[in-house]
Each structure stands twice: as C-alpha cells, then as structure tokens.
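The block underneath contains the structure these notes are about, expressed in structure tokens.
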Amino acid sequence: MPGLLSLNYDIFSTISCMLDQRSRLHLALTCSLAKGAIIPNILFKHVELTHDFDQIFQFYRAIMNPYSSAAVAVRSFTCRAKAGDRSHVIGDILSLLGHVMEKTVNLHTIDAVLGFHSTGPQLFRKICALPKLRNVTLRKLYTGQLQYISTLAQLRTLRVSFQNGQAPMGGCVRSLISIMLGSQQTPEVPELSPMILLQLEHLFTASPSEDQPPAWPSLRIFDAFLSSPSVGSPSLGSDISSVFPSVRHFLSPLRVDDWLSSPPSRAFLSRLTSVEGWQWESVRAIVEAGAPLQRVAVTLTRWTPGTDLGFLPCGLECFSMALKEEDVPAFVCHLSEITLSRMKVFHLQIESTPRDPHQVQSLATLAGIDWITDLDYLSVEWMTEDYIPYQRGEADHCFLDDFVTAAPSIRQIRTCVFGHAKHWRRLASSGDTSKREKGAGLVELSAMQSSEEDKYHRVDR
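Okay, so the sequence shown: first residue is 202 according to our numbering, each after it adds one.
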C-alpha cells in the first residue's frame with residue numbers, strides 16, 4: 202500500500218503542475234482513492250487555516266498520516282485560530298502544532314496567532330529549530346513569550362505583534378536585540394516590522410563596539426511607516442547609511458522633516474530608488490534630496506487638483522496613486538501637462554460612491570496621452586465601501602474593452618471593479634501594427650494569472 206501511494210503521489214504531482222488551483226481542487230474532489238495521501242501533497246504547499254477548528258484538525262491529521270509525505274510539501278503556513286467559545290481545545294491544537302512543526306522540515310514561512318497562556322517554550326523552540334524558516338510573523342504574543350525565541354539562522358522577515366495594551370520593554374527589548382543582531386549575516390533581510398524599528402536606538406546603544414554600530418548589509422526594504430520621529434534622526438548618533446548600506450526601497454513615516462535635518466539621514470534618503478509615502482509632501486522632499494527614484498507609491502493620501510505632480514523625476518518607471526472619482530477629469534488634464542517618458546507601470550486607485558458622477562469617459566481620455574500609450578502595464582481599480590449597482594460594474598468593464606482598442610500599444614490592461622478583476626494581455630504583433638480591431642491580438646487572463654501579474658508589477662517588488 203505505501204508503495205502504491207508513493208507511485209500515485211508522483212503521478213498526481215506531475216499532473217498538478219499543469220493545473221491551476223481550481224482545477225487541482227476538482228481533481229482532489231473526484232479522486233477518492235487519493236484522498237488520504239495524494240491530495241494533501243498537492244494542495245498543502247501553501248496552507249491557510251482560519252477559524253474553523255474542524256478544518257485545523259483535518260489538516261493536522263493529514264500531515265501526521267504515516268503514509269503521506271504531505272508534511273515535506275508544506276512551504277508556508279498561516280493559522281489565525283482564535284479561542285472564542287472553544288478555548289478548551291486550544292491546548293490540543295497547540296500540542297498538535299508542535300508535532301506538525303517537527304515534520305514540516307521545508308517550511309520557510311509561518312504566520313500564526315500564538316498569544317495564548319498555554320503556549321509554552323517548547324512550541325517556540327520547535328519553530329526556531331526549522332532549518333529553512335525565513336519569514337516569521339507571530340501575532341498577539343504576550344511580551345514574556347518573546348524570550349522563548351532563539352536565533353533564527355535564516356531569518357529574512359520578522360514581524361511581531363503583542364496583546365492589546367502591551368508594549369515591548371525590558372527583557373522583551375533585549376530579546377528583540379538578540380534576534381536582530383543574530384540576523385546580520387543572513388543572505389537577505391528584506392523587511393523589518395515598525396515595532397522593531399522603534400527599538401533601533403536600543404540596537405545602536407547595544408553595539409559591541411562604541412565606535413562601530415551594528416549593520417545589516419543585506420537589508421533592502423526599510424519600513425518606517427509607523428516609526429517614531431526619532432528613527433534616523435540625529436538623536437541616534439549614528440550614520441543610518443552605514444547601518445543599512447543596501448536599502449533602496451523605503452516606506453516613509455508620516456513626516457520626513459527630522460530625516461532631512463540630519464546629514465546622515467539625508468544621505469540615506471538621497472540614494473533611494475523606490476518609495477512608498479504617506480503624503481505627497483514627503484515624496485517631494487525625498488526627490489528634492491536628490492533621490493533617483495524609479496518607483497513611487499502614494500495611496501494613503503488622495504491626489505487633489507491642488508497637487509502638482511511636476512516634481513516627479515523623469516526617470517520614474519513605476520507609479521501608484523489614488524484619487525477620488527470626482528477629481529478624475531482634473532487629474533487626466535494634469536497628466537497631459539507632464540512628461541514621464543520612461544514610465545512602464547501605472548497603478549491607479551479610484552475612490553467612489555454611488556453619489557459620485559461616473560467618470561468613465563473622462564478616464565478613457567488617458568489613451569490620448571503619449572506616455573500612457575507606451576506603458577507595459579496599466580491597472581485601474583475602483584474602490585468603495587458603499588453598494589454599487591451591478592450595471593455600473595458592467596459600464597466600467599466596457600471602459601476596459603474600449604480602452605484596449607484605443608491604446609493598442611499598452612501590453613497589459615487590468616481593471617478591478619469593487620473586487621471583480623478583468624485583465625487583458627496583448628500578444629506579440631505579427632502583422633499590421635496599426636490594426637485596432639477590437640479583440641485583435643488580445644488574450645484575457647484568468648483570475649489567478651491576473652493576481653500574479655499584479656503582484657509582479659507592484660512598486661515594492
């Protein structure tokens with residue numbers, strides 16, 4: 202029997218490589234013979250468990266099946282279970298989770314809620330012992346539990362959140378310092394959580410050498426979205442450029458005034474090539490500091506007609522922004538006055554309500570802007586929390602069809618209308634390039650393909 206299961210697993214794994222997730226699910230549901238051992242191997246590469254305790258127990262049983270190699274197939278694991286009215290089973294779940302961690306030797310990403318009184322040091326030790334674990338997100342911890350986390354040899358991303366009202370201090374801060382100092386020589390550390398950034402001053406003062414602060418030479422992304430104003434300011438008494446010499450993507454804080462007032466911090470900002478900002482003023486200040494920005498995103502502050510985008514560098518290649526639907530005509534008019542000849546990727550979020558006048562026709566005039574027609578990728582997303590009639594979604598998708606025809610040079614065009622995406626990719630031209638027949642040379646992507654393309658074209662890629 203084990204030999205048959207192994208053979209079936211090889212066959213079905215080969216088949217699954219040619220299927221999307223929906224097709225794999227159909228395969229799983231129609232193959233009862235494979236239910237015990239084959240299906241977990243195919244479907245459990247990326248596991249996401251929510252609040253369904255029965256689903257959690259089923260997953261654990263599949264992983265612990267002695268005839269299944271599903272455990273070694275798991276690469277990422279997300280578990281957001283909450284105690285709720287079933288707190289009596291949390292102890293059993295945590296015990297099973299410990300056994301699962303022993304078997305999932307290829308796990309590289311974990312995102313789990315572990316803030317329970319019954320979560321003991323043994324579970325944390327098993328997590329830290331995973332040989333390939335790189336991305337760690339631990340949610341709603343009690344501050345005392347952080348001391349159970351030892352050095353993570355391959356750490357790339359660490360995000361930790363604590364129970365409401367608890368702040369890292371004392372022994373918790375020392376634990377954070379130990380974890381971060383132990384990650385200095387890892388191949389890549391792309392991201393630090395805002396909570397850890399708040400402890401930077403402690404990291405600097407904990408340096409083994411008073412003259413040589415610790416450094417993270419491989420860090421690429423610096424997340425200061427929620428950091429305190431002192432991060433990177435002169436009060437640190439350190440050259441942040443030497444601490445993070447390879448950072449090029451910056452998630453800026455609400456204000457960058459303190460950064461600009463410090464020569465070391467200004468030097469840090471001046472070498473950035475990618476920025477996500479809270480406000481337009483912050484991005485403008487970074488540009489004026491001399492940063493050769495190629496990728497910019499400002500989506501938390503809506504663009505208004507009073508915001509001049511003329512400060513954007515001519516070398517900008519990827520741009521993501523947001524505005525209200527009522528400002529669409531003014532925005533299109535403003536874009537026609539600036540030149541971004543190297544732009545290849547443009548993400549646009551439109552905030553609308555049923556009360557707003559519909560601006561599909563105004564938006565369609567984007568196709569008449571020279572640098573817009575040279576894009577590789579255009580994404581337009583309508584966002585709202587209010588109810589929108591179905592007919593309106595149909596109108597927005599008609600805009601996509603018309604825009605595809607009006608802008609024949611854009612390689613990919615994607616719209617997402619209140620969660621429903623439609624995505625076209627233009628095939629390589631094999632004839633008359635002036636041909637503008639509707640649908641000519643186009644292929645519509647599946648939902649999965651659209652999602653992957655959108656992730657690939659993000660500013661922080």
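Where is the CB? At the ideal position from N, CA and C, for every residue including glycine.
This one's a predicted model, so the numbers in the text were calculated from it and none came from an experiment.
How big is the Cα-Cα spacing for residue i and residue j?
{"i": "L517", "j": "G478", "result": "15 Å"}
{"i": "H548", "j": "S453", "result": "19 Å"}
{"i": "S434", "j": "D458", "result": "Because the pLDDT of S434 is 47, which lies under 50, any placement of that residue in the model is unreliable, and the question is left without a value."}
{"i": "E538", "j": "S521", "result": "18 Å"}
{"i": "Y349", "j": "K246", "result": "27 Å"}
{"i": "I378", "j": "A565", "result": "52 Å"}
{"i": "M302", "j": "L359", "result": "18 Å"}
{"i": "R503", "j": "L250", "result": "35 Å"}
{"i": "T508", "j": "D293", "result": "56 Å"}
{"i": "F258", "j": "G316", "result": "19 Å"}
{"i": "L455", "j": "S462", "result": "15 Å"}
{"i": "S384", "j": "I291", "result": "32 Å"}
{"i": "C617", "j": "E582", "result": "5 Å"}
{"i": "L567", "j": "E482", "result": "25 Å"}
{"i": "T310", "j": "D424", "result": "19 Å"}
{"i": "G620", "j": "S542", "result": "31 Å"}
{"i": "A271", "j": "P465", "result": "50 Å"}
{"i": "A580", "j": "R615", "result": "What sits at residue 580 in the sequence shown is Ser, not Ala. Whole-angstrom Cα-Cα distance: 5 Å."}
{"i": "R335", "j": "I328", "result": "11 Å"}
{"i": "E654", "j": "I611", "result": "15 Å"}
{"i": "R357", "j": "G642", "result": "42 Å"}
{"i": "V476", "j": "L494", "result": "7 Å"}
{"i": "I441", "j": "Q256", "result": "46 Å"}
{"i": "P415", "j": "M381", "result": "10 Å"}
{"i": "P322", "j": "Q346", "result": "8 Å"}
With DSSP as the reference, label residue i as helix, strand or coil.
{"i": "Q364", "result": "coil"}
{"i": "Y268", "result": "coil"}
{"i": "R496", "result": "strand"}
{"i": "F254", "result": "helix"}
{"i": "Q550", "result": "strand"}
{"i": "K246", "result": "coil"}
{"i": "W665", "result": "Limits of the chain in this structure are 202 at one end and 662 at the other, which puts residue 665 out of reach."}
{"i": "T279", "result": "strand"}
{"i": "Q650", "result": "helix"}
{"i": "A416", "result": "coil"}
{"i": "M544", "result": "coil"}
{"i": "I611", "result": "coil"}
{"i": "F451", "result": "strand"}
{"i": "V476", "result": "strand"}
{"i": "F423", "result": "strand"}
{"i": "C519", "result": "strand"}
{"i": "T606", "result": "helix"}
{"i": "L524", "result": "strand"}
{"i": "V273", "result": "helix"}
{"i": "A622", "result": "strand"}
{"i": "Q592", "result": "Reliability of the predicted coordinates at Q592 is poor, the pLDDT of 49 falling under 50, and no value is obtained from them."}
{"i": "T566", "result": "helix"}
{"i": "E489", "result": "helix"}
Can you tell me the Cβ-Cβ gap for residue i and residue j, rounded? I've got them flagged as a contact below 8 Å.
{"i": "L576", "j": "V533", "result": "Not really, about 15 Å apart at Cβ, beyond 8 Å."}
{"i": "L353", "j": "V337", "result": "6 Å"}
{"i": "V488", "j": "V660", "result": "Between V660 and V488 the Cβ distance is about 15 Å, and since that is not below 8 Å, they are no contact."}
{"i": "A531", "j": "Q550", "result": "So it is not a contact: roughly 16 Å between Cβ atoms."}
{"i": "R340", "j": "V306", "result": "R340 to V306, Cβ: 24 Å. No contact."}
{"i": "R626", "j": "L646", "result": "6 Å"}
Under the criterion of a Cβ to heavy atom distance below 7 Å, does residue i qualify as lining the ligand MG?
{"i": "P493", "result": "As for the ligand MG, it is missing from this structure, which has no ligand bound."}
- Item | Whole beta strand (DSSP E) elements within the region 298-360, 3-residue minimum | 310-314, 336-342
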